[in-house]
Amino acid sequence: MKKIIFRFSLFNLLLCVILFILYRIVISGLEPAGTTLFDSFLSIMDLFLSLGFSMLYVVAICVSTLLFFLNQIEKIRSSYFLSLLTFSGIPFLCVVFLAVTVLADIYQYNVTLIPLKILLYFSIIYLLCTVVEFLMFRKKLRKVIDS
1333 MKKIIFRFSL
1343 FNLLLCVILF
1353 ILYRIVISGL
1363 EPAGTTLFDS
1373 FLSIMDLFLS
1383 LGFSMLYVVA
1393 ICVSTLLFFL
1403 NQIEKIRSSY
1413 FLSLLTFSGI
1423 PFLCVVFLAV
1433 TVLADIYQYN
1443 VTLIPLKILL
1453 YFSIIYLLCT
1463 VVEFLMFRKK
1473 LRKVIDS
């Protein structure tokens, strides 16, 4: 059982690295505002904001990956809901928080930060991947229990 959980956590870590690299590529591809001194200052502030979002993304994904190991506890592994939470709990909370933030910005100011939207998109992709991983884990777990 430990090997199965370890393999899924390694796969999730690989997925995290790939998504982080893609996120950084997308963020770095955004065009700077202009050529004036103030535009350069805003561009530098945007860079720091993007790095901050990147660090939050990495921390959330690392914590989410570490929670996979809670499936070694029999009570958690045998409960479908608790096992689902170890895979997709933190990504789901991140998606809800980011969606509420983006929707509040759009409703209140009719605009939202582009890096925040991109972070929301990548968080949704990660959430969908963790749900697929969970379903694969449960299928593998059923095979191990049946044999």
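Start counting the sequence shown at 1333; every next residue gets the next number (this note's numbering).
Think of the CB as a built atom: it goes at the ideal place given N, C-alpha and C, for glycine as much as any other residue.
Keep in mind that this is a model prediction, so the values were computed, not measured.
Backbone CA spacing between residue i and residue j [nearest angstrom]
i: Cys1342; j: Thr1462; result: Note on residue identity: the sequence assigns Leu, not Cys, to residue 1342. The alpha-carbon atoms of Leu1342 and Thr1462 are separated by roughly 13 Å.
i: Val1432; j: Ser1479; result: 45 Å
i: Ile1446; j: Phe1340; result: 32 Å
i: Met1377; j: Thr1397; result: 30 Å
i: Leu1381; j: Ile1477; result: 47 Å
i: Ile1456; j: Val1427; result: 6 Å
i: Tyr1439; j: Phe1370; result: 28 Å
i: Ser1480; j: Gly1384; result: No information on residue 1480 is available, as it lies outside the stretch 1333 to 1479 that the chain covers here.
i: Lys1472; j: Phe1424; result: 23 Å
i: Phe1413; j: Leu1435; result: 28 Å
i: Ile1408; j: Arg1470; result: 12 Å
i: Val1358; j: Leu1379; result: 13 Å
i: Phe1484; j: Leu1351; result: It is not possible to answer for residue 1484, since the shown part of the chain is limited to 1333 through 1479.
i: Val1395; j: Ser1415; result: 15 Å
i: Val1443; j: Asp1437; result: 6 Å
Neighbour-count burial assignment, residue i, 16 or more Cβ in a 10 Å radius
i: Tyr1355; result: buried
i: Asn1344; result: buried
i: Tyr1441; result: exposed
i: Phe1454; result: buried
i: Ile1393; result: buried
i: Tyr1458; result: buried
i: Ser1360; result: exposed
Meets three-Cβ-pair contact criterion under 8 Å: the stretch 1334 to 1343 and the stretch 1393 to 1413 = yes
Count the CB pairs spanning the stretch 1461 to 1476 and the stretch 1410 to 1426 that are closer than 8 Å, and state whether there are at least three.
-> yes
Kindly confirm or deny that the stretch 1379 to 1396 and the stretch 1445 to 1460 touch, where touching means at least three C-beta pairs closer than 8 Å.
-> yes
At what residue ranges does the stretch 1374 to 1439 contain a whole run of the beta strand (DSSP E), taking only runs of 3 or more?
-> none
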